[in-house]
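Going letter by letter, the sequence shown gives residues 1 to 458 in the UniProt record's numbering. Virtual Cβ for every residue (Gly too), placed ideally from N, Cα, C.
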Amino acid sequence: MDSDDDYDSVDSFIDDEEEAGRSFHAQKGAKGKAAQGKANKRRKTANGTANGEANYSWEEDYKRSWDVVREDERGSLQGAVKDILERSKRRRIMRDTTSIQRGIIRHLYFIIDLSEAMTDRDLRPTRLELTIKYAIEFVNEYFDQNPISQMAILVTKDGIAERISPLSGNPVDHVRALESKRKLDPSGEPSLQNVLEMARSGLAHLPSHGSREVVIIFGSLTTCDPGNIHTTMEALVKDRVRVNIVGLSAEMSICKEVCKRTKGVYGVVTNEAHYKDLLFELVPPPATHRPEAGPDGSRSNNTGADLMQMGFPSLSSSTFGALCSCHSRLKTTGFNCPRCASRLCEVPTECGICSLTVVSSPHLARSYRHLFPVKNYLEVNNGQPGEDSWPAECFACSLKFSTVAVSAATTGAPPTAASTASRISSTGRYECPRCHNHFCIDCDLHAHEVLGVCPGCL
1 MDSDDDYDSV
11 DSFIDDEEEA
21 GRSFHAQKGA
31 KGKAAQGKAN
41 KRRKTANGTA
51 NGEANYSWEE
61 DYKRSWDVVR
71 EDERGSLQGA
81 VKDILERSKR
91 RRIMRDTTSI
101 QRGIIRHLYF
111 IIDLSEAMTD
121 RDLRPTRLEL
131 TIKYAIEFVN
141 EYFDQNPISQ
151 MAILVTKDGI
161 AERISPLSGN
171 PVDHVRALES
181 KRKLDPSGEP
191 SLQNVLEMAR
201 SGLAHLPSHG
211 SREVVIIFGS
221 LTTCDPGNIH
231 TTMEALVKDR
241 VRVNIVGLSA
251 EMSICKEVCK
261 RTKGVYGVVT
271 NEAHYKDLLF
281 ELVPPPATHR
291 PEAGPDGSRS
301 NNTGADLMQM
311 GFPSLSSSTF
321 GALCSCHSRL
331 KTTGFNCPRC
341 ASRLCEVPTE
351 CGICSLTVVS
361 SPHLARSYRH
371 LFPVKNYLEV
381 NNGQPGEDSW
391 PAECFACSLK
401 FSTVAVSAAT
411 TGAPPTAAST
421 ASRISSTGRY
431 ECPRCHNHFC
441 IDCDLHAHEV
451 LGVCPGCL
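See the structure below:
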């Protein structure tokens, strides 16, 4: 009896060993197949990478970006630095110069985020200090290029919106409000909905011949809203308010959606220079878009040309002062409204008595130039016809042309979209397509951004 049990135990032990062996071989085979599959996948990935088809970002070819900056034959980096500056200037000039309909009478609400996120130091010295600096420059440049436009300044913090400067055409009042440290103390969280509602309520009643725009400097990644912001978004679209946002942190989906629905622009800064570029791209008046179709498919014809009355005042002075209609201050020198003869401190402005838009002819001309921008100058490179008859000096500043030491043509770098938009001349010359005069890069920049006319075409 005991011997039979022993045989049964031996047989059971052998069966268990055989089963364990088969299980081990099965696992080994599965592991071998998995390893073979991984090897095949790595081989396919390597072949795809070799063929230029990278599946993941970490599988792409390593880029040596510092090789773009190269030394000249004397071992100096001055040529490379000059090349970078030339490309930066050229990129600012190159834009669409097609004559299209634009709103030269603009009403802009400039909004600054004053939440705790603005105290971060990723932008030197801090986000807030750099924002105030750029905001002051933006106000001056805005009224320099759009003298018959108006602006108001709002801030948002602690979940509320506050107006620190009312809608007016006087840049001095806006700069004074931005320089007030007491009003610009960051705290709490911003409210995108509240500040958009305040801006919309201030723009909705304005006449249709002027554009309605909002520019927001948004540094937070959150927004503390009391209701549904999509309702506010629909109201902005209905009132034809264009919202542009410059983000100082990561991209936010709600900001992107607001700008897309209102035909605005949304950008996220990468550094201080990029911050200024994104902000100052909003200085020229934007193109006028057709209104969206209603539920029945009809469109309101609000983009047609309207006639509006303007007055051109005369500067006068008197021995006895008179109260101005804008600030109720005693003035001995000022402008007289051509309709009601009331005293005005500055122009352009709107008469506080008869509501007449009072401007001067130079202001009107500076606003009108945006409708017919200066054509982009063409690069003049070596080997083009008529090289022997090229002038030795710039037509505008009379300085001799200097050649650029390093360019995309000499470095062998492949052309990209950015390099195509910022092409520079190897001779330092740029030719007007109308008068065919040659200009340097600085005069090219001055003609397009400041003068608004070509000096050679006058």
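Under the three-state reduction of DSSP, Y266 is assigned to strand. Listed as beta-bridge partners of C324 by DSSP are R343. A buried status is given to K157, since no fewer than 16 other beta-carbon atoms sit within 10 Å of its beta-carbon. Q150 is bridged by DSSP to H107. By DSSP's assignment, T357 forms a beta bridge with M310 and E350.
For E379, there is no enclosing alpha helix (DSSP H); the enclosing beta strand (DSSP E) has its first and last residue at L378 to V380.
Taking C-beta separations shorter than 8 Å and ignoring five residues to either side along the sequence, the partners of M310 in its chain run L356, T357, V358, V359 and L364, following chain order. DSSP, read as helix, strand or coil, puts T333 in strand. In the DSSP assignment, S317 forms a beta bridge with T333.
Listed in chain order, the non-local C-beta contacts of P348 below 8 Å within the same chain comprise P147, I148, G169, T357, V358, V359, S360 and H363, local neighbours out to five positions each way being set aside. Taking C-beta atoms under 8 Å as the contact rule, A199 and V214 qualify, at a distance of about 5 Å. With fewer than 16 other Cβ atoms inside 10 Å of its own Cβ, R124 counts as exposed.
Comparing C-alpha distances from S316 to each of G334, C326 and Y275 shows the shortest one belongs to G334.
By the C-beta density criterion, K263 is buried, having at least 16 other C-beta atoms within 10 angstroms.
Taking C-alpha positions only, F401 is separated from C440 by approximately 7 Å. Assignment of beta-bridge partners to E251 by DSSP yields no partner. Contact between C454 and V374 is confirmed by a C-beta separation of about 5 Å, below the 8 Å threshold.
Distance check between V258 and each of G428, F218 and Q145 places F218 closest, using alpha-carbon atoms only.
Between I100 and A250, the gap from beta carbon to beta carbon reaches 7 Å or more.
Assignment of P362 by DSSP, reduced to helix, strand and coil, places it in the helix class. In the same chain as L206, and ignoring 5 residues on each side of it, the C-beta atoms closer than 8 Å to its own belong to H107 and R212, in chain order. Residues of the same chain with a CB within less than 6 Å of the CB of R366, apart from the 5 flanking positions on each side, are P147 in chain order.
In the same chain as P166, and ignoring 5 residues on each side of it, the C-beta atoms closer than 7 Å to its own belong to A152, in chain order. Assigned with DSSP and collapsed to three states, T126 falls in coil, not helix or strand.
In this structure C432 is buried. Its beta-carbon is surrounded by 16 or more other beta-carbon atoms within 10 angstroms. Secondary structure at P171: helix, using DSSP grouped into helix, strand and coil. Here V243 is buried. Its C-beta has 16 or more other C-beta atoms within 10 Å. By the neighbour-count criterion, in which a residue is buried when 16 or more other Cβ atoms sit within 10 angstroms of its Cβ, A117 is buried. By the Cβ test, the region 315 to 329 is not in contact with the region 176 to 187, since fewer than three Cβ pairs between them sit closer than 8 Å.
Taking the Cβ atoms as the reference, L128 lies roughly 6 Å from P186, within the contact range of under 8 Å.
D113 is bridged by DSSP to T156. The beta carbon of F395 lies closer than 8 Å to those of N437, H438, F439, C443, P455 and G456 in the same chain, with the five residues before and after it left out. Going by DSSP, E213 is part of the beta strand (DSSP E) stretching over S211 to F218. Pairing V241 with N228, the inter-Cα distance amounts to about 18 Å.
Between the alpha carbons of G428 and C354 lies a gap of roughly 54 Å.
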